[in-house]
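The structure under discussion appears below in the form of structure tokens.
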Amino acid sequence: KKLQRLFSAHKAFAVFIFFLTMLYKVRARTHDNIPSIAPALPIIGHVAFLNKYFFNGWLDKSTEILRQKGEKVGMVSMSIPTRTQIYVVDPKVADLVFRERFDDAVKSKASFDPFKELLGQGI
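FYI, in this note's numbering the residues of the sequence shown are 20 to 142.
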């Protein structure tokens with residue numbers, strides 16, 4: 020019986036460590052050199068911010084923030100677990116990324132593929 024309890028405790032500990040490892044791998048990470056759209060929480064990033072405004076004025080709130088930040092920076096980032104999205108705010112940066120140096124800019128498959136049918140390889 021002692022051996023069974025000990026084995027069960029080790030199994031539970033292993034599952035707990037596995038859970039922590041997976042949580043660490045998928046956690047939201049703020050971008051290292053692009054300012055954040057709003058303050059981010061550890062692990063979940065901007066999920067609370069997104070949840071607060073997504074169905075209640077998301078377009079107005081994001082437009083307001085992008086206008087404020089756009090006066091100072093060319094891009095802002097928003098992080099949720101497994102992904103960071105970058106929003107281009109400055110028209111000069113958008114022209115550089117989407118026209119002048121389109122092939123040099125890294126675009127995620129998940130974000131870009133839905134638009135590929137419409138846009139092709141460039142704008």
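Where is the CB? At the ideal position from N, CA and C, for every residue including glycine.
**Request:** Have a look at Ile99, Thr82, Asp122, Arg48 and flag the residue whose alpha-carbon is nearest the alpha-carbon of aspartate 109.
**Result:** In the sequence shown, counting from the first residue as 1, residue 109 sits at position 90. The candidate whose alpha carbon is nearest that of aspartate 109 is Thr82.
**Item:** Assigned exposure category for isoleucine 36 - 16 Cβ within 10 Å defines buried
**Value:** Within the sequence shown, numbered from 1, the residue matching residue 36 stands at position 17. Isoleucine 36 comes out exposed.
**Asked** From proline 54 to methionine 94, what distance separates their C-alpha atoms?
**Response** In the sequence shown, residue 54 corresponds to position 35, counting from 1. In the sequence shown, residue 94 corresponds to position 75, counting from 1. Using only the alpha carbons, I get a separation of about 7 Å.
**Prompt:** Quick one: Cα of glutamine 87 to Cα of lysine 80, how far?
**Reply:** Numbered from its first residue, the sequence shown carries residue 87 at position 68. Numbered from its first residue, the sequence shown carries residue 80 at position 61. Glutamine 87 and lysine 80: Cα-Cα distance of roughly 11 Å.
**Asked** Using the C-alpha atoms, what's the distance from serine 98 back to histidine 50?
**Response** In the sequence shown, counting from the first residue as 1, residue 50 sits at position 31. In the sequence shown, counting from the first residue as 1, residue 98 sits at position 79. The alpha-carbon atoms of histidine 50 and serine 98 are separated by roughly 8 Å.
**Request:** State yes or no: is the C-beta of alanine 143 within less than 9 Å of the C-beta of phenylalanine 68?
**Result:** Residue 143 cannot be examined here, being either before or after the span of the chain that is shown, 20 to 142.
**Message:** Please state the DSSP three-state secondary structure of threonine 103.
**Reply:** Position 84 of the sequence shown holds residue 103. Strand, per DSSP.
**Message:** Within 10 Å of its beta-carbon, does isoleucine 62 have 16 or more other beta-carbons around it, so buried, or fewer, so exposed?
**Reply:** If you number the sequence shown from 1, residue 62 lands on position 43. Flag for isoleucine 62 reads exposed.
**Asked** Quick one: complete beta strand (DSSP E) runs, 3+ long, within the region 37 to 104?
**Response** 94 to 99
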